[in-house]
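Each remark here refers to the structure printed beneath this line.
2 protein chains.
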Amino acid sequence: MIEAKPGASATKATERSAPATTEVFFERLGATADQLPKRLKQFADFIAANPDRVAVSTVAELAEGANVQPSAVMRFCQEMGFSGFSQMQKLFRSDYSQKWPDYATRLAKLREQGAESPSALLAEFVEAGRSSLENLMTTVDPKALQEAVDVLSRAETIHMVGFRRAFPVTSYLAYAFEKMDVPAVLHSGIANINMEHVIRPNDAVIAVTFAPYTELTLDMTTKARAMGADIVAITDVVTSPLARIKAIQLLVSEFDVGDFRALSASLSLAIALAVSVGTRRNPNL
Amino acid sequence: MIEAKPGASATKATERSAPATTEVFFERLGATADQLPKRLKQFADFIAANPDRVAVSTVAELAEGANVQPSAVMRFCQEMGFSGFSQMQKLFRSDYSQKWPDYATRLAKLREQGAESPSALLAEFVEAGRSSLENLMTTVDPKALQEAVDVLSRAETIHMVGFRRAFPVTSYLAYAFEKMDVPAVLHSGIANINMEHVIRPNDAVIAVTFAPYTELTLDMTTKARAMGADIVAITDVVTSPLARIKAIQLLVSEFDVGDFRALSASLSLAIALAVSVGTRRNPNL
DNA sequence: GCTAATTTAGAATAAAAATTCCAAAATCAC
DNA sequence: GTGATTTTGGAATTTTTATTCTAAATTAGC
């Protein structure tokens, strides 16, 4: 507006630096939106209404959505303090996937500092566990879970298979089923190798295994499948070998701390599954 | 549900059409993952573990993340039935915005639907687990934890005692100690009732028990104490019977859902303890 | 209503990304 | 082992996308 001196022109204050988070971005947007020129305001409104699109769209797509020219988008980005659209998009993208902290490197850092107290380690596991649990709600498909409950409720006997790091999960399932009077067998892998003799076509198997997959678990499960038993798999990724045999898959992604994980998510899924089945089979529980 | 034979000549079956949703994409991925060549399988595993990255990454970034060449990514996309990466990414991007309702809002929605659905129950356990973990940091005394690590690091052999709902905890400890080459014995309570014969004065016992306390656990632990062994107790309240015998107490208060609990806190404490002891005894781990 | 300053649209250019191609390795069948 | 076939790595190419530039249009001041 009023030009006092060359360079002053602080009315525009264009020399701002880029927002560090989407939160301060939207804050700044709200504060300055109505002093923006027409097209820029128009675009501002658009992304305020569709913030989720920024991370996955091109300049052209956003421009089209807001009914402005691509160059208007560029001007907008610069007005907000970014060098260009790419920088702004980077912010939106990182903001989205920021919830994948790397506990392994955090632990390594912790060790370097020498501050390797057991409490610090515990804190890491607690954090990893909380994130894993939060994640669990998105990785487990509700339909698959419902289907698993159906299948297990119909089964004559439920067999649990899972060794090494998966064994705590199966043993807890065994405890829960026993407490609720659901006929269930925990396969220890020691004495009863010939499990094809105990599994019947009307039975179901809960197989728990994580990469690297235990051979014995896959073996036993495959044989049970061949017998005609239904399989419910608690595993980590879809590419798990259990996918091949058409198991009902319940996916758990657990964060590691060093070489170990807290198993929080896996145990929670297991107990929820068990209790669902228990109350279904025996409603007065 | 055994695959019909004809047309099984799917050695290559590259003539498939592109998956219409990410669900069928992952289904197909699970079914074909293990007949893929090495690098393609490697990439398949990567995106199975990081599905959320696909929408917001470039070919080069994903390739780097999976440690393969960009061209391998292209071959993978085509193998899965897409014309190329761009088409595949388009699919993931359209799914992207549906994931935006974050954990908190999804949970709230699930709750107000009330419902007896397994998912709702799972949500309950997840919430209980998260709270329990949060609590854990305040209920566990850092000094006691440090002392427990000291004692266990000195022990000749570590014995784990815990049954019923505590058994998942002890069995996970057993797994962890074995993996870290720490001499440890898991007492199953079945075969070795005469454990006073295996426990030596220089040994230590980790006793895990929650109210109502299992008689056998208290018995065995008391006898071990009489032998002169050190005792580390993972239990729920200070008034636990283990207090009497001068055990080092690590307290965990776990929230119940109905008659069950998710064991998240107990497992986290156990694994932190085990890893601390393991790295102390064998620093190069 | 005329002039000066801003803003805009659209084309031109630069940068980045996807995709293809092919020689070298690796694997497989015999 | 030998030859045929598949798979791989990396560079070359094409396509897409971001960014800049400029003339035309709009707006504001007088």
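Sequence order for the protein chains is W and S.
Everything in the first sequence is counted per the numbering used here, starting at 1 for the first residue and increasing by one.
Everything in the second sequence is counted per the numbering used here, starting at 1001 for the first residue and increasing by one.
All C-beta atoms in this analysis are idealised placements derived from N, C-alpha and C, irrespective of residue type, glycine included.
- prompt: How many Å lie between A1020 (chain S) and L40 (chain W) at the Cα?
  reply: Taking the second sequence and counting its residues from 1, one reaches residue 1020 (chain S) at position 20. Taking the first sequence and counting its residues from 1, one reaches residue 40 (chain W) at position 40. Each residue's Cα considered, the two are about 36 angstroms apart.
- prompt: From H1197 (chain S) to A224 (chain W), what does the alpha carbon distance come to, in whole angstroms?
  reply: Taking the first residue of the second sequence as 1, we reach residue 1197 (chain S) at position 197. Taking the first residue of the first sequence as 1, we reach residue 224 (chain W) at position 224. If I take the Cα positions, the gap works out to 40 angstroms.
- request: Check each residue of the stretch 1246–1269 of chain S: if its Cβ is closer than 7 angstroms to any Cβ of chain W, include it; give the result in chain order.
  value: Against chain W - using a Cβ distance shorter than 7 angstroms - the residues of the stretch 1246–1269 of chain S are G1258, F1260, A1262, L1263, S1264, L1267, S1268 and L1269.
- prompt: Which class does G1204 (chain S) belong to by DSSP, given the choice of helix, strand or coil?
  reply: Position 204 of the second sequence, counting from 1, holds the residue named residue 1204 (chain S). The identity of residue 1204 (chain S) in the sequence shown is Ala, whereas the question assumes Gly. The answer is strand: DSSP assigns A1204 (chain S) an E or B state.
field: Proximal residues of chain S, C-beta to C-beta of I271 (chain W) below 7 angstroms
entry: Indexing the first sequence from 1 puts residue 271 (chain W) at position 271. Neighbours of I271 (chain W) on chain S, chain order: F1125, F1260 and A1262.
message: Restricting to Cα atoms, I'd like to know which of W:V257, W:Q249, W:N284 and W:N282 is closest to L269 (chain W).
response: Within the first sequence, residue 269 (chain W) is the residue found at index 269, counting from 1. Nearest of W:V257, W:Q249, W:N284 and W:N282 to L269 (chain W), Cα basis: W:Q249.
Any chain W beta carbon closer than 9 angstroms to Q1146 (chain S): Residue 1146 (chain S) sits at position 146 when you count from the first residue of the second sequence. So yes, Q1146 (chain S) belongs to the interface.
query: Looking at the unbroken beta strand (DSSP E) that takes in V1054 (chain S), where does it start and where does it end?
result: The count along the second sequence starts at 1 and reaches residue 1054 (chain S) at position 54. Here V1054 (chain S) belongs to no beta strand (DSSP E), and DSSP marks it neither H nor E.
- prompt: Just curious, the alpha helix (DSSP H) that Q1146 (chain S) is in, first and last residue?
  reply: Counting from 1 along the second sequence, the entry for residue 1146 (chain S) is found at position 146. Looking at the DSSP string, the run of the alpha helix (DSSP H) that includes Q1146 (chain S) is P1142 to R1154.
task: Measuring only between beta-carbons, confirm whether F25 (chain W) sits less than 9 angstroms from chain S.
output: On the first sequence, position 25 is the one that residue 25 (chain W) refers to. Chain S contact via Cβ: absent.
- prompt: Just reading off the alpha helix (DSSP H) that T222 (chain W) is part of, what are its end residues?
  reply: Within the first sequence, numbered from 1, the residue matching residue 222 (chain W) stands at position 222. Residues E215 to M227.
query: To the nearest angstrom, how far is it from the Cα of G258 (chain W) to the Cα of Y103 (chain W)?
result: Residue numbering aside, residue 258 (chain W) sits at position 258 when the first sequence is read from its first letter. Residue numbering aside, residue 103 (chain W) sits at position 103 when the first sequence is read from its first letter. Spanning the two alpha carbons is a distance of roughly 7 angstroms.
query: Hey, out of W:Q146, W:I206, W:A108 and W:T221, whose CA is closest to S276 (chain W)'s CA?
result: As a first step, residue 276 (chain W) is located in the first sequence; it is residue number 276 there, counting from the start. Of W:Q146, W:I206, W:A108 and W:T221, the residue nearest in Cα terms is W:Q146.
query: With a cut-off of 9 angstroms, does the C-beta of S119 (chain W) fall near any C-beta of chain S?
result: Indexing the first sequence from 1 puts residue 119 (chain W) at position 119. Answer yes: the Cβ-Cβ gap between S119 (chain W) and chain S drops below 9 angstroms somewhere.
query: For S1009 (chain S) and chain W, any beta-carbon pair shorter than 9 angstroms?
result: Numbered from its first residue, the second sequence carries residue 1009 (chain S) at position 9. Only weak support is given to the placement of S1009 (chain S): the predicted model assigns it a pLDDT of 33, under 50, and the question is left unresolved by the model.
query: In terms of alpha-carbon separation, which member of W:T279, W:L273, W:R281 and W:T58 lies closest to A148 (chain W)?
result: In the first sequence, the residue the question calls residue 148 (chain W) occupies position 148. Looking at the Cα atoms, W:L273 is the closest of the given residues.
query: What residue from W:F46, W:R200 and W:L218 has the CA that sits closest to A207 (chain W)'s CA?
result: Counting from one through the first sequence, the residue named residue 207 (chain W) turns up at place 207. Minimum Cα distance to A207 (chain W) is reached at W:L218.
- request: Using the DSSP secondary-structure output, state which residues sit across from V185 (chain W) in a beta bridge.
  value: Residue numbering aside, residue 185 (chain W) sits at position 185 when the first sequence is read from its first letter. According to DSSP, V185 (chain W) bridges with W:H159.
query: From P70 (chain W) to F46 (chain W), what distance separates their C-alpha atoms?
result: Mapped onto the first sequence, residue 70 (chain W) falls at position 70. Mapped onto the first sequence, residue 46 (chain W) falls at position 46. Rounded to the nearest angstrom, the two C-alpha atoms are 14 angstroms apart.
- prompt: Got a sec? Which residues, its chain only, sit under 6 angstroms from R165 (chain W) by beta carbon, not counting five neighbours each side?
  reply: Within the first sequence, residue 165 (chain W) is the residue found at index 165, counting from 1. Result list for R165 (chain W): empty, nothing under 6 angstroms.
- prompt: Using the beta-carbon of each residue, which ones in chain W are nearer than 9 angstroms to F1167 (chain S)?
  reply: Position 167 of the second sequence, counting from 1, holds the residue named residue 1167 (chain S). Result: P168, S171, Y172, A174 and Y175.
query: In angstroms, rounded to a whole number, what distance separates the CA positions of N295 (chain W) and E61 (chain W)?
result: Here chain W covers residues 1 to 285 and nothing more, so residue 295 (chain W) does not appear.
- request: Consult DSSP for F255 (chain W) and reduce its assignment to one of helix, strand or coil.
  value: Mapped onto the first sequence, residue 255 (chain W) falls at position 255. Coil, per DSSP.
- prompt: What distance in whole Å lies between the Cβ atoms of M1074 (chain S) and M1080 (chain S), which are believed to be in contact at a cut-off of 8 angstroms?
  reply: Along the second sequence, one-based indexing puts residue 1080 (chain S) at 80. Along the second sequence, one-based indexing puts residue 1074 (chain S) at 74. Actually they do not touch by this definition, with Cβ atoms about 11 angstroms apart.
message: Does N282 (chain W) pass the burial test, meaning 16 or more other C-beta atoms within 10 Å, or should it be called exposed?
response: As a first step, residue 282 (chain W) must be located in the first sequence, where it is residue number 282. With fewer than 16 Cβ atoms within 10 Å of its Cβ, N282 (chain W) is classed as exposed.
- prompt: Taking Cβ-Cβ distances shorter than 7 angstroms, what residues in chain W pair up with R1130 (chain S)?
  reply: The residue you call residue 1130 (chain S) lines up with position 130 of the second sequence. Ordered by position in chain W, the residues that pass the 7 angstroms Cβ test against R1130 (chain S) are R130 and L133.
Boundaries (first-last residue) of the alpha helix (DSSP H) holding T1235 (chain S): As a working note, residue 1235 (chain S) is residue 235 in the second sequence. Run containing T1235 (chain S): none in the alpha helix (DSSP H); it sits in the beta strand (DSSP E), D1230 to T1235.
task: Identify the continuous alpha helix (DSSP H) that holds K1041 (chain S) and give its terminal residues.
output: Mapped onto the second sequence, residue 1041 (chain S) falls at position 41. Counting along the chain, the alpha helix (DSSP H) containing K1041 (chain S) begins and ends at K1038 to A1049.
query: Where V1172 (chain S) and G129 (chain W) are concerned, what is the direct C-alpha to C-alpha distance, given to the nearest angstrom?
result: Translated into positions along the second sequence, residue 1172 (chain S) becomes position 172. Translated into positions along the first sequence, residue 129 (chain W) becomes position 129. This sequence places Tyr at residue 1172 (chain S); Val is not what is there. Whole-angstrom Cα-Cα distance: 15 angstroms.
- prompt: Hey, how far is the Cα of N1202 (chain S) from the Cα of G1228 (chain S)?
  reply: As a first step, residue 1202 (chain S) must be located in the second sequence, where it is residue number 202. As a first step, residue 1228 (chain S) must be located in the second sequence, where it is residue number 228. Cα to Cα, N1202 (chain S) sits roughly 7 angstroms from G1228 (chain S).
- prompt: Hey, how far is the Cα of V1054 (chain S) from the Cα of Y96 (chain W)?
  reply: Taking the first residue of the second sequence as position 1, residue 1054 (chain S) is located at position 54. Taking the first residue of the first sequence as position 1, residue 96 (chain W) is located at position 96. Looking at the two C-alpha atoms, the distance is approximately 12 angstroms.
- prompt: Can you give the Cα-Cα distance for S1117 (chain S) and V1169 (chain S), rounded to whole angstroms?
  reply: The count along the second sequence starts at 1 and reaches residue 1117 (chain S) at position 117. The count along the second sequence starts at 1 and reaches residue 1169 (chain S) at position 169. The alpha-carbon atoms of S1117 (chain S) and V1169 (chain S) are separated by roughly 28 angstroms.
Neighbourhood of A10 (chain W) by C-beta distance below 7 angstroms, restricted to the same chain and skipping five residues each side: Mapped onto the first sequence, residue 10 (chain W) falls at position 10. Summary for A10 (chain W): the model assigns pLDDT 34, below 50, so the residue's position carries little reliability; its value from the coordinates is reported in the next sentence. So no residue of the chain qualifies.
field: Closer than 7 angstroms at the beta carbon, the chain W residues around V1149 (chain S)
entry: Start at 1 with the first residue of the second sequence, and residue 1149 (chain S) comes out as number 149. Here the neighbours are P118.
query: DSSP state of I1245 (chain S), grouped into three classes?
result: As a first step, residue 1245 (chain S) must be located in the second sequence, where it is residue number 245. Three-state result, I1245 (chain S): coil.
- request: Could you check how far apart the C-beta atoms of V238 (chain W) and T139 (chain W) are, in whole angstroms? I think they sit under 8 angstroms.
  value: Looking up residue 238 (chain W) in the first sequence gives position 238. Looking up residue 139 (chain W) in the first sequence gives position 139. Incorrect: roughly 10 angstroms between the Cβ atoms, too far for contact.
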